[in-house]
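Trainee: For the sequence shown, this note's numbering assigns the number 89 to the initial residue and increments by one for each residue that follows.
Built from N, CA and C at the ideal position, the CB exists for glycine as well.
The structure displayed is predicted, hence computed values, not measured ones.
Below are the structure tokens for one structure; questions will follow.
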Amino acid sequence: MERITESVDCALCHMPASRWALRQASDGYMYDCPACGGRYSIGKTAFKRATSDGVPPDLLQAMRQVIVRGDIPRVAVIGGIWEWPPQMMGRQDADGDL
């Protein structure tokens, strides 16, 4: 299955980024954001919340630190609360679509 990449604003920082649907469309999206430092995954509920209410500044800073460390974090909302620490979906230097 070919990956379809869209040019969009980052769900976390609202700067230009690219995204594609994860293999299971219900799992959300993978973003690649230069301003955030690399790739991250975001679930559908977290995506809706980020685009409507924004992301807490401390969460954005913490996600960027995880990305700089070389991991691909998953942004999620569980029971109405931003999940922290995040699940790790892989490494920034890996080529897989996840």
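Taking a contact to mean a Cβ-Cβ separation below 7 Å, would you say Arg162 touches Pro174 in this structure?
Mentor: A contact, by the Cβ cut-off of 7 Å.
Trainee: Please classify Ala164: does DSSP put it in a helix, a strand, or coil?
Mentor: Of the three classes helix, strand and coil, the one that applies to Ala164 here is coil, per DSSP.
Trainee: Could you say which of Gly142, Pro122 and Gly131 lies nearest to Ile155 if we only look at CA atoms?
Mentor: Looking at the Cα atoms, Pro122 is the closest of the given residues.
Trainee: Taking the alpha carbon of Met103 as the reference point, which residue from Asp115, Glu90, Asp120 and Arg91 has its own alpha carbon closest?
Mentor: Nearest of Asp115, Glu90, Asp120 and Arg91 to Met103, Cα basis: Asp120.
Trainee: Based on Cα-Cα distance, which residue from Arg179, Gly125 and Ile92 lies nearest to Gln149?
Mentor: Nearest of Arg179, Gly125 and Ile92 to Gln149, Cα basis: Gly125.
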